[in-house]
Structure formats: C-alpha cells, structure tokens
C-alpha cells in the first residue's frame, strides 16, 4: 500500500509540474467582471456610502457588454445594492450576485486569477493573500477565489503555499513578458511589507513563469512603505500590447514616488523579441485630488490604473482638467471601445482606482476559434512558424485579414497586399490570423512567430 501511495503521489506531482498556464489579456473577450461591493462591516457606513456611487457607475458602464458579478457581504447588502442600482436605472439583466463575506473591496488583489491550462480550459488560480503584508484583515478575502471556483464549477489551482501574489502587483504584455516591483512581492523588511518570507527573486520569477505562462520577468525595485501596496505596478504603467506601454513622463513618475533607477529600467524595458517598448505618456492630474466631501488629499491622481472591458475602457477621473486629456489619449489606444470616466475621488482617498477594484473573467471561448467550420476547400499559411513574413494561399478571394494576439486583442488589419503579411516587428509568440473572404466566410489559423 505504501508503494502505491508513493507512486500516486509521484504521478500527481509530476502532473502539476508539467501543467502549463496562459494568462488571457485583459483586453481580450470577457465573460464578465467581478466587483466586491463596499459594505459597513469593517470600516463603517460612512466609508461604504462614500464609495457606492463609484460602484454604481462601474456596474452601469460594464453591464451593457458583459456580465457583472457582484459580491455582496450578505443578503441585506444585496437588497441595498439592488436598491441603489434601481434608483440609478441600471438594468439588472446582466448582473448577478454572490453572497460572500469580504474584508474590503480590492478584488484585483485578493480575487480569482482566471487563466487557461494546457487543455485550453479556464481555471482559477488561488494565490496567497495576506493583506499586503499583514497591514489589514484578510481572512475573508483570502477565501474568495476558492468560493467562486466552487460555486461556478471551475477548477481551482491552490497556490497559497506557493506564493502570496496580489493581482495589481503584475502587468503582462500578452506575449510573454511580466513586469513587477520587488517591493510588493519579495520585500523582507519592514515586517508589515513581507508577503513571502525568505523568498528569492529567482523563486518568484520561476513561479511567475510557470503560472502566468511568461518567458521573461522584468523587475523594478519599487518602494516599501510609501503606501499600502508597497508600489503596485498598475498604478503607474500598463501594457497596451506586446509593443506598447502606457506610463508617465520622468517628472510625473518621480512625483508618483518611482525612483530614477526604476524609471530608467522601465523606459529601457524590452519585449520578448528584444525590442524596446513604444511608450505613450499620460499625465497625472493637474491639481491635487479633492474628494466629493471636500478633503484635499495633498497629492495628484494617476490615470494609468484604467480597466479594459468589452466595448469600454473605464478610466479613473478626478473632476480635474486633465481628465479629458487622459481619456482621449487612452481612447486612441483602444479603437472600437468607448472611454467612460469613472469618478474615483473618494476611492482614491482609500488607496485605489478602477483597476484595483475590478477583476476580469475571460470568455471560455472566442469568435476567433481555429476549429470553426468553413465552406472553402483549402487555405495555407507559409512559412509557419515564421520569423517575419507569411504568405496566404486560398482557393477564393480575400477581402481583408486581421491579426490578433492569442487572447483575442486585434493588433493589425491588412486591407491590401492580402497574400503577404509582415510580422517581423511583433514579439515571439502565438498569434491568430483571421482571413475574411469576399463571400462573407472566414477562416482563422494559428501563427507562431519565432
């Protein structure tokens, strides 16, 4: 019996180590978005009431194009939330509720991380969460990923013993690169910043590579003790795709608290193909942020903490002259999506913005399926894998083609020279090419850039 047990243990461990995962890009197709609604049970009714309007606005902006999964503390809170939504004339058709006690609102950090396993099945990764190094209560929030997985019947990969990892601490470009600050993952002092006691950078890097499916991890030092998160990356930069990042100019990054050494590393960062990222600079607010209840916070607000959803981009707004400037810059990066400014002034007073309080659930399937039936006899793409140029041969006339990331984000539309496509400027990785024909049919094939 002992030998059988050891054999089964070996097989199980071998399976876990051989399993690979990919993290669908935020800009890919969503099944829905998760929100943890503010309540009064930890910080009182004033805290809750000052935040309600932001959650109503996010729910209204999201519900048109995807499901909104609202986590309510209890049934009393659920009834209260429905009343708020009804009062704001927000349709409830695409909204559902889960009743889970929570400690707070930060679902980006404590919530489920939805990834795809090597069988292309959606699973939930339940990373450890310890209240940003023990600064706040966390026992309720640490249970949220497993509760969601159990209720939805989605397999849960328990990573609590592997690493504490907050979702806002990492940014991914969708083609093999992850960026993160040491201060929010492997800091060993002071005591209330420690997530992973004794963990080396190499160990953390290997975990990121295994569970996010990346090939490259870019580390910034970050700063401990400046604010609760110890400098989450999503406060001051965001990848648009495998070639472009959104961030701030040097002066604004220094104002945000980023060190010059980290700014140099950020600006020099390269993608998986060794190319320096194009940078799109957005400003901080022009003025220090003032809450709706009149408190001047004494510091400026960031627009980098935006959230990309189906059909919309939710951008933090502050009743500031720079709101419209940031909205326009970000909107230009996401054609086909509508920018909706979300008033985060009161939320910002508590340490966060839009991205901090949203968590995407990717669609289990995509309209870019490579298995869809087609009416033509033959299409070929050569060479594949490729280092730069591909040629398309088909038995009927091509109208146009579209190149997508593996997560479904459109990267390029080809309206001329249909049979030859140059992708040498794209990072190494997997892509999807959707070929649209004159007769209204289409074919999607996987392309490997090496």
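In mature numbering (1 follows the signal peptide of the UniProt record, and there is no 0), the protein residues as written are -18 to -1, 1 to 432. For each residue, glycine too, the CB sits at the ideal point set by N, CA and C.
So the candidates are the options; which of them puts its Cα closest to the Cα of residue i?
i: residue 373; options: 415, 34 and 264; result: 415
i: residue 445; options: 36, 103, 159 and 210; result: There is simply no residue 445 to check, as the chain begins at -18 and stops at 432 in what is shown.
i: residue 122; options: 309, 132, 83 and 56; result: 83
i: residue 233; options: 29, 208, 244 and 397; result: 244
i: residue 68; options: 148, 403, 93 and 35; result: 35
i: residue 264; options: 235, 275 and 242; result: 235
i: residue 196; options: 247, 43, 98 and 211; result: 98
i: residue 10; options: 367, 406, 364 and 343; result: 343
i: residue 207; options: 30, 43 and 114; result: 114
i: residue 421; options: 382, 86, 108 and 53; result: 382
i: residue 227; options: 384, 281 and 287; result: 287
i: residue 45; options: 57, 107 and 13; result: 13
i: residue 394; options: 367, 334, 5 and 315; result: 315
i: residue 361; options: 403, 426 and 38; result: 426
i: residue 225; options: 313, 2, 41 and 406; result: 406
i: residue 76; options: 137, 428, 138 and 41; result: 41
i: residue 424; options: 412, 387, 376 and 398; result: 376
i: residue 413; options: 398, 386, 397 and 402; result: 386
i: residue 55; options: 168, 105 and 30; result: 30
i: residue 1; options: 324, 111, 105 and 305; result: 105
i: residue 136; options: 401, 59, 96 and 201; result: 96
i: residue 52; options: 183, 216, 89 and 142; result: 89
i: residue 48; options: 181, 58, 290 and 188; result: 290
i: residue 241; options: 403, 338 and 164; result: 164
i: residue 181; options: 332, 168 and 85; result: 168
i: residue 364; options: 325, 404 and 333; result: 404
i: residue 190; options: 209, 158, 210 and 334; result: 158
Give the range of the beta strand (DSSP E) segment to which residue i is assigned.
i: residue 323; result: 320 to 325
i: residue 344; result: 341 to 344
i: residue 134; result: First-last for residue 134: 126 to 134, but that is the alpha helix (DSSP H), not the beta strand (DSSP E).
i: residue 411; result: 411 to 419
i: residue 402; result: 402 to 404
i: residue 177; result: Note, residue 177: premise wrong, no beta strand (DSSP E); not H, not E.
i: residue 205; result: Segment: none, residue 205 is in no beta strand (DSSP E) and carries neither H nor E.
i: residue 382; result: 380 to 387
i: residue 163; result: 159 to 163
i: residue 376; result: 371 to 376
i: residue 154; result: 152 to 154
Hey, does residue i have any beta-carbon neighbour from chain D nearer than 7 Å?
i: residue 127; result: This model lacks chain D altogether, as it is built from one protein chain only.
Inspect the beta-carbon positions of residue i and residue j and report whether they are closer than 7 Å.
i: residue 160; j: residue 199; result: yes
i: residue 258; j: residue 302; result: no
i: residue 408; j: residue 378; result: no
i: residue 63; j: residue 16; result: no
i: residue 437; j: residue 273; result: An answer regarding residue 437 cannot be provided, because it is not within the stretch -18 to 432 covered by the chain.
i: residue 340; j: residue 432; result: no
i: residue 213; j: residue 178; result: no
i: residue 283; j: residue 249; result: no
i: residue 94; j: residue 130; result: yes
i: residue 367; j: residue 336; result: no
i: residue 285; j: residue 308; result: yes
i: residue 79; j: residue 194; result: no
i: residue 410; j: residue 186; result: no
i: residue 149; j: residue 91; result: yes
i: residue 118; j: residue 111; result: no
i: residue 70; j: residue 50; result: no
i: residue 202; j: residue 247; result: yes
i: residue 215; j: residue 162; result: yes
i: residue 300; j: residue 262; result: no
State the start and end residues of the unbroken alpha helix (DSSP H) segment that holds residue i.
i: residue 144; result: No alpha helix (DSSP H) holds residue 144; the beta strand (DSSP E) holding it covers 138 to 146.
i: residue 424; result: First-last for residue 424: 424 to 431, but that is the beta strand (DSSP E), not the alpha helix (DSSP H).
i: residue 189; result: 183 to 194
i: residue 19; result: Here residue 19 belongs to no alpha helix (DSSP H), and DSSP marks it neither H nor E.
i: residue 116; result: 113 to 116
Where are the beta strand (DSSP E) runs, 3 residues long or more, that stay fully inside the segment 78 to 108, in chain order? 95 to 99
Write down every uninterrupted run of the beta strand (DSSP E) in the segment 227 to 308 whose length is 3 residues or greater and which is fully enclosed by it, in chain order. 260 to 263, 289 to 291 and 294 to 299
Inside the segment 36 to 67 only - alpha helix (DSSP H) runs reaching at least 4 residues: none
If contact is defined by three or more beta carbon pairs under 8 Å, each pair taking one atom from either stretch, is the segment 212 to 221 in contact with the segment 144 to 160? yes
Using a Cβ distance threshold of 8 Å, determine whether the segment 19 to 28 contacts the segment 158 to 175, with at least three qualifying pairs required. no
For the pair the segment 277 to 296 and the segment 311 to 320, tell me if three or more CB-CB distances fall below 8 Å. yes
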